[in-house]
Amino acid sequence: MATISHSSNASSSELSSDLILSYYRKAIEDQETLLLRLDSRGTILYVNEIFKALFADEFNEADEKIIIETLFSRENEPFQRTEQIIAKINTTIAHELSFEKEVIFKNRRGWVIRWKLMLPKAESDNVGGIIAIGYDITYVRELELQVQFNERRNKKILESCPDAIVVYDMIGQMIYCNQAFTDIFGWTKEELLGKRVPFVPDECIEETMVQVKKLLADEPVVGFHSKRMKKNGEIIEVMLSANVFSIPDEKFNGSVIILRDMTESRALQAQLVHAQKMESIGLLAAGIAHEINTPTQYIGSNIGFLEDAFFSIKAIINSSMEISENAPLDIKEKLEKSLTDNDWDYLSEEISQAIKQSQEGVRRVSRIVGAMKNFSHPGTKDIADNNLNEIIKNTLIVSSNEWKYLANVEKKLNLSLPMISCQADEIGQVVLNLIINAVHAIKQKLGDNTEGKKGLISISTDLGNNDDVIIKVSDNGCGIKKDIIERIFDPFFTTKEVGQGTGQGLAITHDAITHKHGGTIEVESEVGQGATFTISLPRG
């Protein structure tokens, strides 16, 4: 059998061991603690009663090596033989004459034993064998493993949560945040642990402190809407819920905050409201268009009748004048006087012009009514082949009241443009948003405009390199600053004053082009010179 490589005096070693055993025996025997004594060669010299009861089957084995190998088979290492076990102890003894070391082994029944190995000194400073005190920690280890599993599971749940979760101590320093927090706000965990999170905008500090006071009063915060700032300075809408918690055993108090990024939700809500509004407007416009269409038709018919009647009357008067040439002088004079007194020459010219202008007005009303039907009709949401040029023309007619006093519109429409598959009402809304955006930019540049100047809006259509259809909307307005041009398509972003814009127009435009039609939209701008929006739409 392998031996422990250190010389010893047998009697003094045994005496020393006996003294130590007598010192521990009563305490050990009275407790559920295992006691094992090995001599310097690794032979089992003594075990206590608890040890015998727990390992009764092992003591029926003839070979003591099997007992040692069974008792000291390490849980997290390959199975080791007695010689290997003793060799490890020898290595330790070569450096220390006395040591205590705690190791965990697992016997072949699956029981986990924590062994405390000791090399006691004899009076002659020689080593007198090994004493091993063992504790059955099988149940404790199972609990530890269960706790570790629960911790891993709970951490996985927290890390998988799409909402940002952050935990603070009672002085407001962050002690934990999940992955969603770093994804949404941009800071890494290392940047914030043990610090205050600098993401409350100045305008939200007061309302946030009100919620903090509620938390300190042990009142949970649920569904609080506010704003928070990302690392890059972007402000986003959030819905916040929070509560305080305590861990009495660890004497720890803190708070856990859940923040939900409401940007997408707000955008979807705004789009839904806008869609409902447009649908309502469409129904209203369709009804109004129908009601206007009927009187317009009979007004047009009556003007046509008046035109025919006027030409008949004019023919009669011309005939009367011809006849009067051969009539008695007094009759001729009376006719000429009557025509002169009633200013027949003026009436003859102006009535004809008035009839023509009235007919043109009726035709214009009809075109506007038709454009209202085509633009706002609730039945145009399905994707179908549409004439892009006609959509743009209809949109310009509907929006004329927005731009006619501030800008001239230049159309450069490719008349050979093929039909494209699209949602006509969505594309009409996109063009309308860009026109209104251009009008606002021109108005900002012109200011008070006491001289009555007008800006220029240019709209063009053409085929792209990949057979995509290209729409360009340009203006010579104030332009867009470089530091905000990347944010103009963000929901709720606006440079207009409060009450003059919601920041949704270009966000809806971007969504309609990219998500609903699989196209692209780009913008080029120079401050003071204007901006150009370029839309590319697939034909199919």
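Residues 1084 to 1623 (the numbering used here) make up the sequence shown, in order.
Glycine included, each C-beta is placed from N, C-alpha and C at the ideal position.
Given the structure is predicted, the values throughout are model-derived calculations rather than measurements.
Secondary structure of residue i, DSSP reduced to three states
i	result
K1415	helix
Y1259	strand
S1329	strand
R1279	coil
F1388	helix
T1265	helix
I1503	strand
L1137	helix
N1209	Reliability fails at N1209, whose pLDDT of 47 lies under 50, so the model's placement of it is uncertain and the value that follows must be treated cautiously. Coil.
T1463	At T1463 the pLDDT is 48, less than 50, meaning the model places this residue with poor confidence and gives no usable figure here.
H1532	Strictly speaking, residue 1532 in this sequence is Asn, with His absent from that position. If DSSP states are grouped into helix, strand and coil, N1532 belongs with coil.
F1232	helix
E1408	coil
F1572	coil
T1615	strand
N1271	The question names Asn, but residue 1271 in the sequence shown is Thr. Of the three classes helix, strand and coil, the one that applies to T1271 here is coil, per DSSP.
I1554	strand
G1370	helix
D1508	helix
L1430	helix
D1219	strand
L1226	helix
S1181	Note that S1181 scores 46 on pLDDT, short of 50, meaning its location in the model is unreliable; the coordinates nonetheless yield the value given after this. The answer is coil: DSSP assigns S1181 none of H, G, I, E or B.
N1159	Caution is warranted here: a pLDDT of 48 is assigned to N1159, below 50, making its placement in the model unreliable, and the coordinate value is therefore given only provisionally. Three-state DSSP puts N1159 in coil, outside helix and strand.
I1248	strand
N1376	helix
V1195	strand
L1517	helix
D1566	coil
E1498	Correcting the residue type first, residue 1498 is Leu in the shown sequence and not Glu. Of the three classes helix, strand and coil, the one that applies to L1498 here is coil, per DSSP.
N1237	helix
G1582	In this prediction, G1582 has a pLDDT of 41, which is less than 50 and means its spatial position is unreliable; nothing more can be read from the coordinates.
N1401	helix
Where residue i falls, given that 16 or more other Cβ within 10 Å makes a residue buried
i	result
A1507	buried
S1557	buried
R1311	buried
M1253	exposed
V1195	buried
V1610	exposed
H1600	buried
S1348	exposed
E1509	buried
T1423	exposed
S1608	buried
H1598	exposed
F1328	exposed
V1481	buried
T1592	buried
G1316	exposed
Y1251	buried
I1399	exposed
Nearest-angstrom beta carbon gap, residue j and residue i [assumed within contact, 8 Å]
i	j	result
I1386	V1452	Not quite, the Cβ-Cβ distance comes to about 17 Å (not below 8 Å), so this is no contact.
I1127	L1121	6 Å
A1595	Q1512	7 Å
I1503	L1471	6 Å
S1309	V1321	6 Å
V1397	S1407	The sequence shown places Lys at residue 1397, rather than the Val named in the question. Not confirmed; about 16 Å, so no contact.
I1216	T1116	6 Å
V1339	I1248	7 Å
G1613	N1559	4 Å
D1344	I1267	5 Å
V1448	I1474	V1448 to I1474, Cβ: 21 Å. No contact.
C1505	I1466	6 Å
I1571	V1606	7 Å
K1494	I1542	6 Å
According to DSSP, residues forming a beta bridge with residue i
i	result
Y1129	R1120
T1603	S1619
G1538	A1490
E1443	Looking at the DSSP assignment, E1443 forms no beta bridge with any residue, so it has no partner.
E1609	G1613
D1468	S1504
L1546	V1552
Proximity test, Cβ basis, 8 Å: residue i and chain C
i	result
E1317	Reference to chain C is not applicable here, since this structure consists of a single protein chain.
Enumerated in chain order, which unbroken segments of the alpha helix (DSSP H) with a length of 4 residues or greater are wholly contained in the region 1284 to 1347? 1288 to 1299
Complete runs of the alpha helix (DSSP H) confined to the region 1471 to 1495 [at least 4 residues]: 1471 to 1481 and 1483 to 1486
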